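Participant: Here it is: the structure, laid out below.
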Amino acid sequence: MAVANTKKKMLGEMLVAGGLIKEEQLKLALDGQKKQGGKIGEILVNLGFISEHNLATFLGRQLHIPYIEIEKQLIDDDAVKMIPADMARRVAAIPLYKDREALVVAMADPLNIFGLDDIQKATGREIRQVVATRTDIQKSIDRYYGMSQSIETAAMDFAGAKGSAAAVPMEMLGAMAEDAPVVKLVSMVIAQAIMDRASDIHIDPEGDHISIRYRIDGVLSEARTLPREMHAPIVSRIKIMANMDIAEKRVPQDGRFQARITHSDSGPVVTAVFRERSALRMSGDVTVDIRVSTLPVIQGETVVMRILDRSHVIMTLEGLHFTDEMLNRYRKLITRPYGMILVTGPTGSGKTTTLYASINTIDRKANNLVTVEDPVEYQMMGVNQVQVNPKAGVTFASGLRSILRQDPDIIMVGEIRDRETAEIAIHAALTGHLVFATLHTNDAAGAAIRLMDMGIEPFLIASSTIGIMAQRLARRICERCKQPYPAAPELLKSLGIEAGAVTFYRGEGCPACKNSGYQGRIGIYELIEMNDDIRSLIVAKASSSAINASAAQKGSNTLRQEGLTRAASGITSVEEVLRVTQEAEEV
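Written out as structure tokens, the structure is:
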């Protein structure tokens, strides 16, 4: 204990001497440590006195230990297996690679001599330390050790507790859904999806088993299967969490809940569930919104959970991965005093994120910003957000009509779905308001055609709209396994690219990207700014191809052209660009 206390005092004194914290802050942290325990470094981070990054880099400098960003490291699977997962979590350390002399291990606390000794005894090797942030280490532990074993253990616990009965009596569902094995199993399925950066979880009954699939970077893939007898308790547990009727299986249901994901020695788990949004304002490792939808099918009920991780939402234009030229054009557009800006694309293409980032650039003190959304995905300070609620009579159209009586400066419409909403949005744009809205069309030029199909007069579209942006999300090549490769001559010829003129890249697949070759996504954009020529074409009810041709004469690129530019720079692959822009090219 004396050694531990000395170490804590030494770390605190080092940080004070280095100018990273003040004496008063150290005293508060030490007082908190005496009352509640814990490591002094973690306490200082939790109190907001120092960031994890600054703490780790400072320790590295002071102790002459290299600081690393784990995301940029290629981790050896064989090295990871040299220490058990529970030890890695307890010590907050992960092996990176081994050489002839030593095992290189990343540690969040390089002063943890007891943890270092445990690793040395477990591996029988000399340990060479590097320092990384605790959060990065936890994420890497989750990624490389995975939670498959924990989920399988929870599944076996369930089977052992409940046997293999294929059917569960209705009167037992509620009690079974609250049993520890079911709670643990559902918790870990959700936690793993979040750690894998999934946007959706699909739970489908299929014959004698349940299929659990995650949508990661826009692509759906099977994560695991579970025995069919687990279906009813799992679905009931999710319904309870989302405040839905567990007895009703004949009609579709919708619900939502918020969950806090924390790290334990056995891995990340859902430790708290809140059904009321107002109850969610608390600290935690990760807090997410989860929207739940159930649908009766022949095999039973399917469940889809949409994960909305507010800690990962992009709220700046710079974070949207615009090219410099596109960013400058779009920034000028959104500073206009009035008019309508349309963002188009299919579901899941990032349209709402673009709108949030756009209105986040506007001075909220000097402007009244009001939105009407279905649903309100992310809460924004200083913005009045209206949730569509058809049961209460609040639709996009009625909500928008009410907003106009609230003296708004900037209005955001989550989606224009019908003629009435379109007419009110256009009226707002023509009467001195800046209006942001989304539409479901394949390309930018198609937005004008879509509004005409709704029954809007072409001259109203031409006079109210100041810009239309189409977008897609393309998977980013994994930096750890990115390699150049010669593209097929036929492909290059079809794209009008001379062989050897451009070097393309692809991901070979590695543990970091789960052998997909991709990790994360970037935006690809097509922006049409209104001018006299395009307005004339819209009034004349010209085709989208004619509008695109006119925009091209002014220097605008299509989605595919923008995507190929990104592929040529090594950010994404040609195959990915072709996949996400196929519909736009067929228009």
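Read in order, the letters of the sequence shown correspond to residues 1 to 587 in the numbering used here.
For each residue, glycine too, the CB sits at the ideal point set by N, CA and C.
Because the structure is a prediction, the values reported are computed rather than measured.
#1: Taking one C-beta from the region 98-110 and one from the region 126-135 each time, how about it: are there three or more such pairs within less than 8 Å?
#2: Which residues bound the beta strand (DSSP E) around D200?
#3: Should P408 be labelled buried (16 or more other beta-carbon atoms within 10 Å of its own) or exposed?
#4: Would you say I362 and I410 are within 8 Å of each other, going by their C-beta atoms?
#5: Taking 8 Å as the threshold (C-beta atoms), are G517 and I468 in contact?
#6: Need the endpoints of the beta strand (DSSP E) that K98 sits in, please.
#7: Would you report the Cα separation of A552 and I528, rounded to the nearest angstrom?
#8: Using the beta-carbon count (16 or more within 10 Å), is E526 buried or exposed?
#9: Can you tell me which of the three DSSP states K482 falls into?
#10: DSSP three-state label for Q299, please.
#11: Could you check if F436 is buried or exposed, using at least 16 other CB atoms within 10 Å of its CB as the buried criterion?
#12: Let me know the secondary structure DSSP gives A166 once reduced to three states.
#13: Buried or exposed for S569, going by 16 or more other Cβ atoms inside 10 Å?
#14: Would I424 and R336 qualify as a contact pair, given that the criterion is a beta-carbon distance under 8 Å?
#15: According to DSSP, simplified to helix, strand and coil, what is M315?
#16: So L434 is in the beta strand (DSSP E); what residue range does that whole segment cover?
#17: Note down the Cα distance separating G60 from P110, rounded to an integer number of angstroms.
#18: Do the region 64-75 and the region 18-34 meet, that is, are 3 or more Cβ pairs less than 8 Å apart?
#19: For a quick check, are the C-beta atoms of A259 and I290 less than 8 Å apart?
#20: Thinking just about the alpha-carbon of each residue, which of M452, Q561, Y505 and C510 is nearest to the one in L537?
#21: Could you tell me whether the region 115-123 touches the region 81-91, using the rule of 3 or more Cβ pairs below 8 Å?
#22: Cβ of M412 within 8 Å of Cβ of N360?
#23: Report, in whole angstroms, the separation of the C-beta atoms of G414 and V372, which I expect to be a contact under 8 Å.
Facilitator: Well, looking at it:
#1: Short answer: they touch.
#2: Counting along the chain, the beta strand (DSSP E) containing D200 begins and ends at A198 to E206.
#3: It counts as buried.
#4: Yes; because the gap between Cβ atoms is below 8 Å, this pair is in contact.
#5: Using a Cβ distance threshold of 8 Å, I468 and G517 do not count as a contacting pair.
#6: Where K98 is concerned, the enclosing beta strand (DSSP E) stretches over A93 to K98.
#7: Spanning the two alpha carbons is a distance of roughly 9 Å.
#8: Around the beta carbon of E526, a 10 Å sphere encloses 16 or more other beta carbons of the protein chains shown; the residue is thus reported as buried.
#9: The answer is strand: DSSP assigns K482 an E or B state.
#10: Here Q299 sits in coil by DSSP.
#11: Classification for F436: buried.
#12: In this prediction, A166 scores a pLDDT of 45, lower than 50, which makes its location untrustworthy; no coordinate-derived value is stated.
#13: Taking every protein chain shown into account, the CB of S569 has fewer than 16 other CB atoms within 10 angstroms, so this residue is exposed.
#14: No, these two residues do not count as a Cβ contact at 8 Å.
#15: Of the three classes helix, strand and coil, the one that applies to M315 here is coil, per DSSP.
#16: Following the DSSP letters along the chain, one finds L434 inside the beta strand (DSSP E) bounded by residues L434 to L439.
#17: Whole-angstrom Cα-Cα distance: 8 Å.
#18: Put simply, the region 64-75 does not touch the region 18-34. Fewer than three CB pairs are less than 8 Å apart.
#19: Cβ distance < 8 Å, so A259 and I290 count as in contact.
#20: Nearest of M452, Q561, Y505 and C510 to L537, Cα basis: M452.
#21: Judged by Cβ distances under 8 Å, the region 115-123 makes contact with the region 81-91, as three or more pairs qualify.
#22: No, they are not a contact pair.
#23: Indeed, because the Cβ distance is near 6 Å, the residues count as touching under 8 Å.
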